[in-house]
Every structure is written in C-alpha cells, then in structure tokens.
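Participant: Quick note: the sequence shown, position 3, residue 8 per our numbering, numbers continuous.
C-beta atoms are modelled at their ideal positions from N, C-alpha and C, and glycine is treated no differently.
Treat the numbers as computed from the prediction; the structure is a model and nothing was measured.
There's a structure below that I have some questions on.
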Amino acid sequence: MADLSTTYMGLALKNPIIVGSSDLTMSVDRVRQCEEAGAGAVVLKSLFEEQIEDEIRLARSQVSSPDDHTEAHDYIRKTALHLSEDRYLKLIKDAKRTVSIPVIASLNCIRPDWWTSYAVKLAEAGADGIELNISIVPTYLMQTAHEIDSTYIRIVESVRNKVNLPISVKIGPYFSSLPHTARALRNAGADVLVLFNRFTQFDIDIEKINLTHRYNYSIPEDIHLPLRWIAILAGQSGCQLASATGVHDSNGVVKQLLAGAQAVHVCSVLLLNGLGRLNEMLTGLEKWMGRHNFDTIGAFRGRMSMELDEKPDFYQRQQYIKVLAGVE
Ligand SMILES: Cc1cc2nc3c(=O)[nH]c(=O)nc-3n(C[C@H](O)[C@H](O)[C@H](O)COP(=O)(O)O)c2cc1C
Numbered sequence: 006m007a008d009l010s011t012t013y014m015g016l017a018l019k020n021p022i023i024v025g026s027s028d029l030t031m032s033v034d035r036v037r038q039c040e041e042a043g044a045g046a047v048v049l050k051s052l053f054e055e056q057i058e059d060e061i062r063l064a065r066s067q068v069s070s071p072d073d074h075t076e077a078h079d080y081i082r083k084t085a086l087h088l089s090e091d092r093y094l095k096l097i098k099d100a101k102r103t104v105s106i107p108v109i110a111s112l113n114c115i116r117p118d119w120w121t122s123y124a125v126k127l128a129e130a131g132a133d134g135i136e137l138n139i140s141i142v143p144t145y146l147m148q149t150a151h152e153i154d155s156t157y158i159r160i161v162e163s164v165r166n167k168v169n170l171p172i173s174v175k176i177g178p179y180f181s182s183l184p185h186t187a188r189a190l191r192n193a194g195a196d197v198l199v200l201f202n203r204f205t206q207f208d209i210d211i212e213k214i215n216l217t218h219r220y221n222y223s224i225p226e227d228i229h230l231p232l233r234w235i236a237i238l239a240g241q242s243g244c245q246l247a248s249a250t251g252v253h254d255s256n257g258v259v260k261q262l263l264a265g266a267q268a269v270h271v272c273s274v275l276l277l278n279g280l281g282r283l284n285e286m287l288t289g290l291e292k293w294m295g296r297h298n299f300d301t302i303g304a305f306r307g308r309m310s311m312e313l314d315e316k317p318d319f320y321q322r323q324q325y326i327k328v329l330a331g332v333e
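Structure follows, in structure tokens:
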C-alpha cells in the first residue's frame, strides 16, 4: 500500500488532502466529520480582522463612530459573525481536544495592525499553525504595487514576530512578479504559500441598481491557474506550496503534487457532493501511485515543476507556442 503521508508547515499529515477554510470547518462537529472522512488536516473557517475590531469596540463600549459602519463591517456582521473572538478560541481548543489531525487557524486580514497580537491567542489556544488570508484589492490611484506588496510583507512579519507557530499565507493571483513576492513572503516568515484565494464575484443587480457580491463554488477547470503557479514557484520560492482552488477529484490532487504542491486544500467539491468525496480522492491517489510504482509522495512530487524541467528557461513559452501554433 502506498504511503500517502507528507509534511506541511512542519506538521506531520497522514495524507496531503486538507479541508480548506470554509463552512465545512466552522464547528467542532464539522471538524470531527472532516477527520472521519479522512482529511489530513483542517483549516478552520477564518476569523476576520473586522470581527476582532468589533469585539474590542464592544468591550470598551465606545461611542460608535462613522468608522464602525463601513461596508466591510456590515457585511461581516451579516454573513460571518457566527464566530466571535472568544468562540473562535473555544473552537480551536475544542477541535484540538476532539481530533488528532492538525488544526490550522485562519485570520482574514488586510492591515499589519495591532490586531496581529491576536495571533498569540490563537497559539495559546493550541492551533497547530496559522493561515493568513490576505486579500488586498488595490482601489486607489496613489497605491503603488510596491506599497501593496510591502503591506503583505509587514502583515507576515508582524505575525512572525509574535508567534513561533508555522504560518501559511493565502494570497490571490494578481501580482506583477509572483516569484519575487513569494520569496519576499518567505523572507518575512511564511512557511507555506496557499495558491490561490478565491475572491467573491463582483456583480451588479440591474433591477435594484446596486452592487452584489456572490461566492461561486469552483469548477474543475479552475485548477489551471494555481497549477501553473505551483509548477513555476516550486523550488524557487523557498516556501512549501499548497493549492487552494479547483481540485475536485484525485486527478486534480495528482496534478498538483506533480507540479510541486506539498498539499491540496479542498472545499467546493465537498460542499457540493459531501465529505464522501474525500475518500474517493484518497483511493484514486493511491491507485494512481500503484499504477506508476510510486511508494511515497516524495517519489513524484514536483516532477512536472519548472525546477525539474530540462529547459526551465523555455518552460512557459514552449507550452504556449505548442498550443497556439496548432490553433486555427
Ligand atoms: C462557503 C465557503 C466559505 C469559505 N470561507 C472561507 C474563509 O472563511 N476563509 C478562507 O480563507 N477561505 C474561505 N473559503 C475559500 C476556500 O477556503 C477555498 O480556498 C476555495 O473554496 C477554493 O477551494 P475549492 O476550489 O476547493 O472550493 C470559502 C469557500 C467556500 C466555498
């Protein structure tokens, strides 16, 4: 039987399939179900920076200011305030008591502020690691790419300076030079990069004439963007890599491991079809390894990465020309 074990953020995982941060990991019961379904680890539903701020404001009974009613705060109150700060810490403690797989806490953040000391509380509550979901959408004329990159760096540095726990950073795909940013995040203290954050879909309701935001589940075709970047970054970023979008079956798991991923995060397919899909993915991975005579994941991880390509300088260009030259 193939050995599916791997390390991730310095943690020992029995297999590389992680249930990603989502409603599947928002309660102890659900975390236990993920373990029973075979998950190698779980990333808890995120705690949002705005939630921590809200709680502190409430505790201090401050007179409300206009800042208290930003759209982001309202959105969080309506949609994500199922987990307050204390309940989040309790979730970590209870999950750690209940399951034996690693439990990674998740913070959704946009600023390197005082709130990063909250990371210390996550560590004290027993989290095995912290995932920082950093989603900065550039919206102002005067914001430069350099400033935005350095905000990412400062967030990671400020958490790194406060805790010894392993840190993963979940980012979006929109960087001018992802390899450069990836290395800078590594230097700031990130152990793992999770590629990619899946943003809410921006839309307009033409009857009500207002903005709407939806969250669409991924589809298997969404795998290609993270797959490309994992293959390019593997070996050169200095970080371990995890994929976080579009893995819906064991073929997707195999592809990401061949590209160089240390682990894959999975949500949509489990939300759509149930946790039973996890076992199907593990069985499919094992069968594939058997067919190709691989006893361990290390035996094939990264085989299709740019690092191990015979002509890394042509890695991207070659595929591009091959495909487009054949297109009528
Ligand atoms: C219902 C739902 C809730 C989610 N909530 C979070 C969250 O709180 N924090 C986070 O970092 N990602 C969140 N995600 C994103 C997932 O962790 C994951 O990155 C994304 O769904 C891509 O993986 P998939 O293609 O397997 O769905 C959520 C996804 C879904 C579908």
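For Pro21 and Pro317, what's the separation of their Cα atoms in angstroms?
Facilitator: Each residue's Cα considered, the two are about 26 Å apart.
Participant: When you compare the CB positions of Ala124 and Lys167, do they come within less than 8 Å of one another, or not?
Facilitator: Yes, Cβ-Cβ distance for Ala124 and Lys167 is below 8 Å.
Participant: Check whether the Cβ of Ala266 lies closer than 7 Å to any heavy atom of ligand 1, and answer yes or no.
Facilitator: Checking the Cβ of Ala266 against ligand 1 gives no.
Participant: State yes or no: is the C-beta of Ala266 within less than 8 Å of the C-beta of Ser248?
Facilitator: Contact: yes.
Participant: Should Ala46 and Ile109 be called a contact, given that it needs their Cβ atoms to be closer than 8 Å?
Facilitator: In contact: Ala46 and Ile109 (Cβ atoms closer than 8 Å).
Participant: Does the structure place the segment 91 to 104 close enough to the segment 137 to 150 that three or more beta carbon pairs sit under 8 Å?
Facilitator: Too few Cβ pairs lie closer than 8 Å, so no.
Participant: Could you check what DSSP says for Asp118 in three-state terms: helix, strand or coil?
Facilitator: Correct three-state label for Asp118: coil.
Participant: Can you tell me the Cα-Cα spacing of Leu49 and Glu90, whole angstroms?
Facilitator: Whole-angstrom Cα-Cα distance: 13 Å.
Participant: Could you tell me whether the Cβ atoms of Ala187 and Cys244 are closer together than 8 Å?
Facilitator: Their beta carbons are under 8 Å apart, which means Ala187 touches Cys244 by this criterion.
Participant: Quick one: complete beta strand (DSSP E) runs, 3+ long, within the segment 266 to 292?
Facilitator: Runs found: 268 to 271.
Participant: Would you identify the three-state DSSP class for Ala304, choosing helix, strand or coil?
Facilitator: In this structure, Ala304 counts as helix in the three-state DSSP scheme.
Participant: With the cut-off set at 8 Å, would you say Arg306 and Leu262 are in Cβ contact?
Facilitator: Yes, they are a contact pair.
Participant: Taking DSSP as the reference, what is the three-state secondary structure of Asp91?
Facilitator: Three-state result, Asp91: helix.
Participant: Only counting the same chain, and skipping five residues up and downstream in sequence, which positions put a Cβ closer than 6 Å to that of Asp72?
Facilitator: Residue placement at Asp72 is poorly supported in this model, since its pLDDT is 45, which falls under 50; the coordinates still yield a value, given next. Closer than 6 Å at Cβ, skipping near neighbours: no residue.
Participant: Pop quiz: Phe4 and Pro231 are said to be a contact at Cβ under 8 Å. What is the actual Cβ separation, rounded to whole angstroms?
Facilitator: No information on residue 4 is available, as it lies outside the stretch 6 to 333 that the chain covers here.
Participant: Suppose the cutoff is 7 Å on Cβ atoms and the five residues either side in sequence are ignored; what does the same chain contact list for Leu413 look like?
Facilitator: Nothing in the structure corresponds to residue 413, since the chain is present only between 6 and 333.
Participant: When DSSP builds the beta bridges, which residues end up paired with Gln148?
Facilitator: Beta-bridge pairing links Gln148 to no other residue.
Participant: For Thr250, name the three-state secondary structure that DSSP assigns.
Facilitator: It is coil, neither helix nor strand.
Participant: Do you know how far the Cα of Gly279 is from the Cα of Asp227?
Facilitator: So the alpha carbons of these two residues sit roughly 20 Å apart.
Participant: Name, in chain order, the residues that DSSP records as bridge partners for Lys175.
Facilitator: DSSP, once it has assigned bridges, lists Asn138, Val199 as partnering Lys175.
Participant: DSSP state of Val104, grouped into three classes?
Facilitator: Coil, per DSSP.
Participant: Residues in its own chain within less than 8 Å of Gly281 by CB, not counting five upstream and five downstream?
Facilitator: Hits under 8 Å: Ala42.
Participant: Within the same chain, show all residues whose beta-carbon is closer than 7 Å to that of Asp38, passing over the 5 residues directly before and after it, in chain order.
Facilitator: First, the residue type needs correcting, since residue 38 is Gln and not Asp in the sequence shown. Leu280, listed in sequence order.
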